[in-house]
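Chains as they are written, first to last, in my numbering: chain U, 4 to 454; chain S, 178 to 354.
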Amino acid sequence: MYTFSNKLKLGAIVLVILGIVGWGYSYMNAHNTTVEDVKVMLAEEAADHGGGHASDADTHEVVADDHSSEGDHSSEASPVDTEHHDDEHAEHVMHQIHNRPYSALYVAAFFFMMIALGALAFYAVQFASQAGWSPVLFRVMEAITYYLLPGALIVLGIALWAGDHLFIWMDPEVVAHDELIQGKSGFLNKTAFIIRALFFIGGWSLYRYFARKFSLAQDNSDDNKNFKKSFRIAAGFLVFYIYTESMMSWDWIMSVDPHWFSTLFGWYVFASMFVSGITAIAMVTIYLKSRGYLDFVNDSHLHDLAKFMFGISIFWTYLWFSQFMLIWYADIPEEVTYFATRIEHYKLPFFGMLVMNFIFPFLVLMNSDYKRIPWFIVTAGIVILLGHYIDVFNMIMPATVGDRWFIGLPEISAVLLFLGLFILIVFYALSKAPLKAERNPFIKESEYFHY
Amino acid sequence: MESSKVIQAIYTDDDVLMNAVKTVKAKRHHIEEIYTPFPVHGLDKAMGLEPTKIAITSFMYGCLGLTVAIVMMNFIMIQDWPQNIGGKPSFSYIENMPAFVPIMFEMTVFFAAHLMVITFYLRSRMWPFKKAENPDPRTTDDHFLMEVAVHNNEADLTRLLGETGAVEINIVDKEEH
């Protein structure tokens, strides 16, 4: 049995408190920003940038273009009346500044929810495929998925609380003037959003509840009935999951840009959550091993996890690039605006994410021997997790804060907050059951697993 | 080259073979070669063979393939006959790079895979019209053959190999290749 060490518990609580304080401070700060403040700020920025007027005007043209096709918050019309335009621009920037703490919180909440959901899918795959190598890791996976229900409810709560700070289609004013959103409002309205979200969360949690129940019941049984039941619900869950995960990504992410759509988006988000979930499993396993638990986990298990991290990182790149290349090639304004804004204003996170999610793990984890060295896996894992945080950041932020982004206090505090919560919940769940799924029919094979 | 004497022990089970290899290694005899009908897991480690370097060659072939793809696409699509790619006639390689990524990927994989296999064949001294070195055709079916070098200790070795469960033991003069 694992006991949740007080040191770790305290550390996690400190993270949560730091996160709440830091985020709360930046929320108040952003909330108290008025149009007048923004005007002063913009004037200062213009003075700072001095002779860059020509390029500034260029930027605005692009922004205006994007917005007319994207229907973002602003109704930034063509600059007929400069003064009026300045006022509108200042108000638009103020909205973006107000949106930032909400977005920062939402990105971090979604990221940790996504880890739990990815781990749940990976867990279900192990049962559905009757994998022989992984049963020694089942309790770690089950513990990580324990975060799913609270995490997903928090994401939903933030989405509803933030409302039109994140999802402009929740603002009736915007919808009234936007024919494209009106056309989608049969699907994209608050009631349907809530019903779908509860349906997704309910389905996932139901599977997680029964899978855990059967897994614990299997420990004390003398036949394989519980394992067979778990196998059956895992297969059913995976079908449910791949549909609901895809729809969840339209609802919870893609709809922040309600004019833009990509048919590949669900898959792309899936790859992101799958690799994050597997990385989290590997890192929790290595942590527990370093604390003297999980002595039945050998380096072949780590090797397999690292192989998955390597492979799914490439899979993510494949899907990311498939989406990018088709849109880049076709160059249809309504589609390409998504990447145009990102390359225009998010150059560093946009391309940095490719380095962190693809090139770094590709080179570090390519060598077979390195996949067995814990600190290599942890290094690659940290970079992969940060990279996928930035991936989610790149999905949400451009639509809500535009070029007013920075990874500063609100973003880091929000990550700390949910990291603390994640650690508290996951390690609490770990302490609730023996770390070895003793009576799993494949446990012997798994213990002797050798590559 | 002079001819050398080897002893050939034949086994019918891979587990028995593995144990035999460990015993022979423990007695510090030199195993020249083992012929098996299928890859036996862990045999290379038991024999004390060096880890393969073929992965490194594969990486280098991949880099070569990537380079070939870049140079080739640059020549074909940008220099020799400049193409208007996706309505973006910029005639710059880097700006049109996304269009070439699938080719870069495929060429990397193609070079890495094919050249690695060819390297493997050559390193294993296999090429077209080569006469098989296999001492006993039964090793392509269901028998395992271990070749141990003999240095005036035939009786010793024969007894040892017999104890490890060999079903057949022959001493042969072998031509060096």
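Ideal Cβ placement from N, Cα and C applies to all residues, glycine included.
Pairing LEU151(U) with LEU108(U) gives a Cβ-Cβ distance that is not under 7 Å. Between the alpha carbons of GLN185(U) and PHE273(U) lies a distance of about 28 Å. Bounds of the alpha helix (DSSP H) holding SER218(U) are 193-222. If you compare the alpha carbons of HIS391(U), ALA402(U), GLU145(U) with that of ILE284(U), the shortest gap goes to GLU145(U). Judged by DSSP secondary structure, VAL245(S) falls within the alpha helix (DSSP H) whose first and last residues are 231-250. Annotation: Cβ neighbours of LYS265(S) in chain U (cutoff 8 Å, chain order): ASP334. Listed along chain S are PRO275, ALA276, VAL278, PRO279, each with a C-beta nearer than 9 Å to that of MET328(U).
The Cβ-Cβ distance between MET286(U) and SER106(U) does not fall below 7 Å. Exposure of PHE252(S) is indicated by the presence of fewer than 16 other C-beta atoms within 10 angstroms of its C-beta.
With fewer than 16 other CB atoms across the displayed protein chains lying within 10 angstroms of its CB, GLN260(S) is exposed.
Of the candidates VAL300(U), PRO352(U), ALA343(U), PHE361(U), the residue whose Cα lies closest to the Cα of GLY314(U) is PHE361(U). Contact note: SER371(U) reaches chain S through ALA232, using a C-beta cutoff of 8 Å and chain order. Fewer than three beta-carbon pairs drawn from the region 369-382 of chain U and the region 342-354 of chain U are found closer than 8 Å, and the two stretches are therefore not classed as touching. For VAL198(S), the enclosing alpha helix (DSSP H) starts and ends at 191-203. In this structure, ILE280(S) lies near MET250(S), with their beta-carbon atoms less than 7 Å apart.
For GLU414(U), the enclosing alpha helix (DSSP H) begins and ends at 412-433. Only exposed fits GLN256(S), as fewer than 16 other CB atoms lie within 10 angstroms of its CB. Proximity of TRP331(U) to chain S, defined by a Cβ-Cβ separation below 7 Å, is satisfied.
Counting only runs of 4 or more residues that sit fully inside the region 375-413 of chain U, the alpha helix (DSSP H) segments are 377-403, in chain order. Non-local C-beta neighbours of VAL201(S) in its own chain, meaning closer than 8 Å and more than five positions away in sequence, comprise ILE208, MET323, VAL325, LEU337, LEU338, THR341, ordered along the chain.
Annotation: GLY264(S) to ALA290(S) spans about 35 Å, alpha carbon to alpha carbon. Counting along the chain, the unbroken beta strand (DSSP E) around PHE321(S) starts and ends at 321-326. Rounded to the nearest whole angstrom, the CA to CA distance from LYS351(S) to GLU227(S) is 24 Å. Per the coordinates, the alpha-carbon of PRO413(U) lies some 45 Å from the alpha-carbon of GLY242(S). Between PHE125(U) and ILE23(U) a beta carbon distance of about 31 Å is seen, past the 8 Å cut, so the two are scored as non-contacting. Here SER181(S) carries a strand assignment [DSSP, helix/strand/coil]. The three-state reading of DSSP puts LYS232(U) in helix, counting H, G and I together. Of the residues SER449(U), GLY423(U), ASN443(U), LEU433(U), the one whose Cα lies closest to the Cα of ILE20(U) is GLY423(U).
Setting aside the 5 residues that flank it on each side, ARG407(U) is surrounded in the same chain by VAL96, GLN99, ILE100, ARG103, each with a C-beta closer than 7 Å to its C-beta; the list follows chain order.
Here VAL358(U) carries a helix assignment [DSSP, helix/strand/coil].
The C-beta distance from MET312(U) to ILE387(U) rounds to 6 Å, short enough to meet the 8 Å contact threshold. Here DSSP, grouped into helix, strand and coil, assigns VAL344(S) to coil. With a contact defined as Cβ atoms closer than 8 Å, PHE141(U) and SER218(U) qualify at about 6 Å. Each residue's CA atom was taken as its position, placing ALA162(U) and HIS92(U) some 26 Å apart.
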